[in-house]
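Below is one structure, written out as structure tokens; comments come after it.
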Amino acid sequence: MNLLVNDDYTSMSEQAAAIIEAQIRSNHKTVLGLATGSTPLGLYQSLIEGCHNREISYKDVQTLNLDEYVGLEPTHPQSYHFFMKKHLFSHINLPAAQTHIPDGTAQSLEEECSRYEQLITEIGPADIQILGIGENGHIGFNEPGSDFSGTTQVIQLDPSTRKANARFFNSQEEVPTHAITMGVQSILKSKRILLLASGENKAWAVKKLMDGAIDEHFPASALHQHPDVTLVIDRQAYHLISDESK
Ligand code: PGA
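In terms of the numbering used here, the sequence shown is residues 1 to 246.
The following block contains the structure:
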């Protein structure tokens, strides 16, 4: 596992963008695995700048998002469809038909999970998968206790995740109880993984991940089974590791 520690959130975001842009320059048909949440917002801003000012084209790129809430229409402001459009897709030259996100309103969620997993096989795997990390170590919405051999599936959100995400809703009750997420196994199929973490509230999870023990109670630890993972983090997220090494 490679570790890149940046001074702050901005340089973390720019470093992650530079890695992705190098990938797109080397292969215009890159498949990008994308994540939602606060962490990748700076990265997406930087990718938008790259599209406008650094001649990075998304014309032939395909994207696969990690997850979506069950029950939220794509037009719901807290849906991940809406998020991706607002923060990235509507600002770059990426054809809408080449963006893929699980459908949390599908009549049969089971069929939707199979369809999405099949799609990952057909157009993927992702050349680079972007990941955030939950304070409880979740990746995508694979909560503690998730089976590491899991593929795309419906999961019940952990109370701590609903609490953490309540900041985007009017109240915690409004946060959906379930989501569709790529499973740990689907994520591990990606050729390369970039995990972003910023801020003190992620320091515990980053330290636990770097400690190295593979444990289903800490989903991010599955990444130790992958040959090409890079943590792109800032100093605040690193601080529990750096405090110890002093
Ligand atoms: P955040 O979420 O980027 O909003 O902190 C990350 C995650 O829960 O995976």
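All C-beta atoms, glycine included, are put in the ideal place defined by N, C-alpha and C.
Nothing here was measured: the structure is a model prediction, and the numbers come from that model.
By Cβ distance, which residues of its chain are closer than 8 Å to residue i, with the 5 residues on each side in sequence left out?
i, result
"Val61", "Ile24, His28, Lys29, Thr30, Val31, Leu32, Leu94 and Gln98"
"Thr10", "Gly42"
"Ser144", "Checking the sequence, you will find Pro at residue 144 rather than Ser. So the list reads Asn136, Gly137, His138, Asp158, Glu216, His217, Phe218 and Pro219, once near-sequence residues are dropped."
"Ala179", "Asp67, Glu68, Tyr69, Val70, Gly104, Phe141, Val154, Ile155 and Leu157"
"His224", "Met1, Gly212 and Ile214"
"Ile19", "Ile128, Leu194, Thr230 and Val232"
"Arg235", "Val5, Asn6, Asp7, Asp8 and Ser242"
From residue i to residue j, what does the alpha carbon distance come to, in whole angstroms?
i, j, result
"Phe169", "His100", "24 Å"
"Leu34", "Leu66", "6 Å"
"Ser57", "Glu111", "33 Å"
"Pro159", "Glu55", "43 Å"
"Tyr116", "Pro102", "6 Å"
"Lys59", "Val229", "27 Å"
"Leu109", "Ser242", "44 Å"
"Phe218", "Leu4", "21 Å"
"Gln172", "Asn165", "8 Å"
"Arg192", "Ala16", "13 Å"
"Thr39", "Gly132", "6 Å"
"Asp147", "Ala222", "10 Å"
"Ala96", "Phe89", "8 Å"
"Gln118", "Gly199", "35 Å"
"Glu122", "Lys202", "34 Å"
"Leu47", "Pro77", "22 Å"
"Ile92", "Pro227", "31 Å"
"Arg167", "Ser79", "14 Å"
"Val175", "Ala22", "37 Å"
"Pro125", "Met210", "25 Å"
"Thr161", "Ile130", "19 Å"
Buried or exposed for residue i, going by 16 or more other Cβ atoms inside 10 Å?
i, result
"Thr152", "buried"
"Asp127", "buried"
"Ser190", "buried"
"Gly50", "buried"
"His52", "exposed"
"Gly183", "buried"
"Ser186", "buried"
"Gly150", "buried"
"Ile214", "exposed"
"Ser13", "buried"
"Ser26", "exposed"
Measuring only from the beta carbon, is residue i closer than 7 Å to any heavy atom that is part of ligand 1?
i, result
"His138", "yes"
Can you confirm whether residue i, when its beta carbon is compared against all beta carbons of chain C, has any partner nearer than 8 Å?
i, result
"His28", "Checking the listed chains, one finds no chain C in this structure; it contains a single protein chain."
Going by beta carbon distance, what residues of the same chain come within less than 6 Å of residue i, once the five residues before and after it are set aside?
i, result
"Ala197", "Ile133, Val206, Ile233 and Ala237"
"Ala106", "Glu112"
"His81", "Pro74 and Ile101"
"Leu240", "Ala203 and Lys207"
"Thr63", "Leu32, Leu34 and Thr99"
"Leu231", "Leu3 and Leu195"
"Gly37", "Gly132"
Is residue i near ligand 3 - that is, is its Cβ less than 7 Å away from at least one heavy atom of it?
i, result
"Ile214", "Ligands displayed in this structure: ligand 1; ligand 3 is not among them."
Using a Cβ-Cβ cut-off of 7 Å (strictly less than) and excluding sequence neighbours within five positions of residue i, which residues of its own chain qualify?
i, result
"Thr177", "Gln156 and Leu157"
"Lys163", "Gln172"
"His87", "Leu41 and Tyr44"
Residue list, Cβ distance to ligand 1 heavy atoms smaller than 5 Å: Gly37, Ser38, Thr39, Gly132 and Gly134
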